[in-house]
Amino acid sequence: MYLVLVPLAQLIWRTVTWGEGDRRLSPAAVEGEVTGFHWMEAFSGPSSNAMLFEPLANSLFTGLFAAVFALLLGGVLAWVVTRTDMPGTSWLRPLLIVPYVVPSFAIALAWETLFKSPRIGGLPGLYETVLGFGPPEWLSYGPTPIIITMTIHYFPFAFLLICGALASLDSQLEESAELLGASRWTILRKITFPIVAPAFAAAAILTFGKTIGTFALPFLLGQPVQYATLATRLFSTLNQGLDALGYILALVLIAITALAVYASSRVLGGNLNRFETIGGKGFKGQLTRLRNWRWPIFGATAAVALAVAVFPLLLLGYQTLMLVDGFYGFDNLTLHYWIGESDPELAEGEPGLVRNDVILGATWITLKLAFISAAICSVVGLIIGYIVVRDRGGWIAKLLDQISFAPFLFPAIAFAAMYLSLFAEARGPIPALYGTFTLLVLISVVNRLPYGVRTGTAAVAQIGRELEEAAEIQGASWMRRFRQIVLPLATSGLVAGMLVSFVGVMRELSLIILLITPSTRVLMTVGFRYAEEDQVQLGNALILLVTVLTLAGQYLVWRLGKGRLARLRERSG
Amino acid sequence: MEATIEIRDLTKRFGKVVALDRLSLTVEPGEFLVLLGPSGCGKTTLLRSLAGLETPDEGEISIGGDVVFSAPRGISVPPGDRRVGMVFQSYALWPHMKVKDNIGFGLRVQKLPRQEVEARVTTVLDDLAMGGLGERYPSQLSGGQQQRVALARLLATRPPVFLMDEPLSNLDARLRMDMRSELKRLHHDTGATTVYVTHDQSEAMTMASVVVVMNEGRIQQMAPPGQIYRQPANVFVAGFIGMPRINLLAARTLGDGRARFEVGDFTLPAPGAPPNAKVFVGARPEDVMLSLEPADDAVEFQVYAVLPAGPETIVHIRRGEVTLVARETRQLELKMDQSVWVGFDPAAINIYDGASGELLPPEGGSRREAASRMADGGRTG
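Protein sequences, first through last, are from chains A and B. Per the working numbering, residue 4 is the first one in the first sequence, and the count goes up by one each step. Per the working numbering, residue 119 is the first one in the second sequence, and the count goes up by one each step.
As structure tokens, this is what we get:
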């Protein structure tokens, strides 16, 4: 409650009072007094177009298009992978998820590498090198590449959600329609789609919520041509010290997502949680036969998978080996950016990845942050999950359930703004946490909590209530039951959940970019800085490092899910 | 190892639903009491309230003379201190513990020395013919063996009261039969007061020393199995007990002193029924006597369907709107639509009040007597 509602209230409060540095905005400013100045300025001031309305329009434009494309792509791929007899699904499925697992701006960097335009400055990209003339500017920077890269990054998210829904769809429903003489297309339109529609709508809302709050992609691909979205404008406003204005932008972001969620729940007559738990039992039914289309569709799917998952990473990898960016030749290859000593001629004297103290320090902090956050998140998630499951219907359970899902509503960067406003200075018993490692842990935990609660709830729900009651009858105390019954049985679920959080925290940028200080740099922010400073090779190398770490984590989760978890579930079932 | 269980005015609500409605009940020491009723009748809630897994809203429970729950006095003893053992429908064996650790769990909670725990676990396993299975995990056992482990876990702590929540419902039909006799033997050997919940009436009839039929949170009848079957206290119990179902005919007694019922277009003799009243006539299928020839007081019916079932044959017969089910143990050659003549055994027929559905006294007596006879039916039986 404190970690969600109070920051929000504080955020609102800061937008209607004069702040410390506001004297330069208006001579009438008195610190701490209530004022409507900021809101007036934002909505009707001379710069409100540039500050608010343009970014708002840009956000909606890119966010909506990216969400729609991501849904279409994810939906079609999900159907092809789960419901047809297309070959190669076992390796295509994990491959298609890769773009979501890698940090979002890896894709932006890959895009830049490909379509960099010298008109903006710097050296030409691959496109120009190969074709001999520069790409049109709309392809290099601005809304088009933002929409495309966001689509690439977020379609696996929609893909996963829709896969879950399609997999739990009983194929007998389709078969009975087929027996009645319905054509493939009619079945798809009249049976399959309406049944998965709620999952589809949920995927739409969640994807939109993510696209609109994305920071790194629009920043890297929009900044060079002064194309701002709410998220990037929020970042630059706060950097300029215009706190109140930044917070207003954060509130606008929150309002948009809240509105989207509200609209969807009105239309679908349910709540967000219901969509969230779609998944359930896999029912392997009769698959649609593609006949002659089997191989062409496979080819197309594989091409998409390779284009979005493998190609960008190869591109980034290749680039880290180029001594001077932009020249594609064998004599330009080097391992300097990976293992080189500091050389004042190159990269402003930054040593290679494995010798770079900044990067190594950041790696250590990142791993520490990810591990601690993931551990806390899964334990707290388990306890909340326990209360939610065991006290089903109780008001505490309902309240906890609702509140722990609130972070879903807040775009990550707006969430960070809330925390920035709350913890910037000491308040009562709570010290000023800004710039501390603790704050990073705190916000990571709270941000990941919906996932933690979800895995915790699932883990507890799979432990029958009677298992615990049997111990209660024999006189075991609550502590003993939790320790000897609940915890051992929930372990495998917890470990999987922890790894998911671990990976999630590690590649998170939007959430912590506002809260970072030189002493608490993590890999993602260091990488972001390199990218910003055009230290392309180092930035890419770093992103690849994060990518490898996250993919390794994801692989572990996957193995765990197949192995131990499945076995234990069998036992308790 | 004997304890009396006393339940007084127990009420439990779930929101607006009343699961237990001022229910009172005494279970004598060593009794095998079966709670029987349709799902949602409150039987499981009652059992869980005894165990302490559910907290009732009103009333009192005492086990072996100790008050373990009292709403007015604010007492609620935790489950572990009530000296009850319980077998769950799902067995609730802990999947991550070996069989011997499952059985010894309660003893370790009681902080018994290790040798003692091991000795008792071994004894219990041997008693249930499961010696050598102690090192296995529950998932490596068959359904019947899991069931025994659940029993062993209950026996290990030697509680004076056994609570069982549909313990046999997850077994296949043949195993269920075997376990019935084992449970009965076990009850005899331990002498523990047992409260057993089931929705399976044949299980209730075969196992119980006393059956309590429940519906909508209230006790409908408490009596030994035989009496529950022969003299159901009201139309609910009459209809619930017995397979095939009892024949319940809406009838009117004639006021012309002939002491007869009028059912549809025929009449039947009605010994001792009040004149000019609306009643229900309850006749078990075996009390419907078929004959191939016309006879005195016999009514002509047509055969609707014949369902042979080994030692007996179930015959559905019809006359106008009235359908009856008869159980026939003789080898009669009956054809569809042929005529049969039907008579009732007047001594076996139960007559229920048309409005209240309560059993009317068989010979002359007043309704109040019938009511009081019902209330202490469990004792007199």
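Even glycine gets a Cβ: it sits at the ideal position worked out from N, Cα and C.
Look at L497/A: its C-beta is not under 7 Å from any C-beta on chain B.
With contacts defined by Cβ atoms closer than 7 Å, P156/B and I476/A do not form a contacting pair. Within the same chain, R484 and I488 come within 6 Å of E471/A by CB-CB distance, once the 5 residues on both sides are set aside. For T129/B, the secondary structure class from DSSP, reduced to helix, strand or coil, is strand.
The beta carbons of F440/A and T523/A sit closer together than 7 Å. For the C-beta of L246/B, not a single chain A residue is nearer than 9 Å; the gap to the nearest is close to 17 Å. Using a Cβ-Cβ cut-off of 7 Å, G382/B is close to nothing in chain A; its nearest Cβ partner there is about 44 Å away. Look at Q465/A: its C-beta is not under 7 Å from any C-beta on chain B.
It is roughly 53 Å from the alpha-carbon of G428/B to the alpha-carbon of E234/B. By the Cβ neighbour-count rule, E380/B is exposed, with fewer than 16 other Cβ atoms within 10 Å of its own.
Spatial neighbours of L545/A in its own chain (CB-CB distance under 8 Å, excluding positions within 5 residues in sequence) are listed in chain order as L356, I362, L526, V529, G530 and Y533.
The Cβ of I476/A sits closer than 7 Å to at least one Cβ of chain B.
Straight-line spacing of the CA atoms in E124/B and E411/B works out to 55 Å. Taking one beta carbon from each stretch, the stretch 290-306 of chain A and the stretch 77-90 of chain A have 3 or more pairs nearer than 8 Å; the two touch. The C-alpha of Q465/A is placed about 41 Å away from the C-alpha of A356/B. If the five residues before and after W114/A are omitted, its C-beta is found closer than 7 Å to the C-beta atoms of P148, T152 and L224, all from its own chain and listed in chain order. Proximity to R448/B across S409/B, V460/B and F419/B peaks at S409/B, based on C-alpha coordinates. In its own chain, leaving out the 5 sequence neighbours on each side, no residue places its CB closer than 8 Å to the CB of G133/B.
Residue nearest to D199/B within the set A474/A, P10/A, V391/A and T189/A is A474/A (criterion: CA-CA distance).
Here the alpha carbon of V205/B sits roughly 11 Å from the alpha carbon of V279/B. Not flagged as an interface residue toward chain B: A400/A, since no C-beta distance is shorter than 7 Å. Of the residues assessed, L220/A falls on the buried side of the cut-off, its CB having 16 or more other CB atoms within 10 angstroms. By the neighbour-count criterion, in which a residue is buried when 16 or more other Cβ atoms sit within 10 angstroms of its Cβ, A53/A is exposed. Secondary structure note for M215/B: it is in no beta strand (DSSP E), with a DSSP letter that is neither H nor E. For P197/B, there is no enclosing beta strand (DSSP E), as DSSP marks it with neither H nor E. Bounds of any beta strand (DSSP E) do not take in V71/A; it lies within the alpha helix (DSSP H) bounded by E57 to R86. Within its own chain, the residues whose Cβ lies closer than 8 Å to the Cβ of W459/B, once the five positions on either side in sequence are excluded, are L408, S409, L410, E411, P412, A413, A416, V417, E418 and F419, listed in chain order. By a beta-carbon distance limit of 8 Å, M482/A does not contact L14/A. Their separation comes to about 39 Å. For R457/A, the secondary structure class from DSSP, reduced to helix, strand or coil, is helix. Within the stretch 187-270 of chain A, the complete alpha helix (DSSP H) segments of 4 residues or longer fall at 187-190, 196-216, 219-225 and 233-242, listed in chain order. DSSP, reduced to helix, strand and coil, places D290/B outside both helices and strands of the structure shown, so it counts as coil. A buried status is given to N450/A, since no fewer than 16 other beta-carbon atoms sit within 10 Å of its beta-carbon.
As a beta-bridge residue in DSSP terms, G400/B pairs with L366/B and N468/B.
Less than 7 Å separates the beta-carbon of T550/A from that of V105/A. Contact annotation: A368/B and R378/B have beta-carbon atoms that are not nearer than 7 Å. C-alpha of K130/B to C-alpha of S142/B: approximately 13 Å in a straight line.
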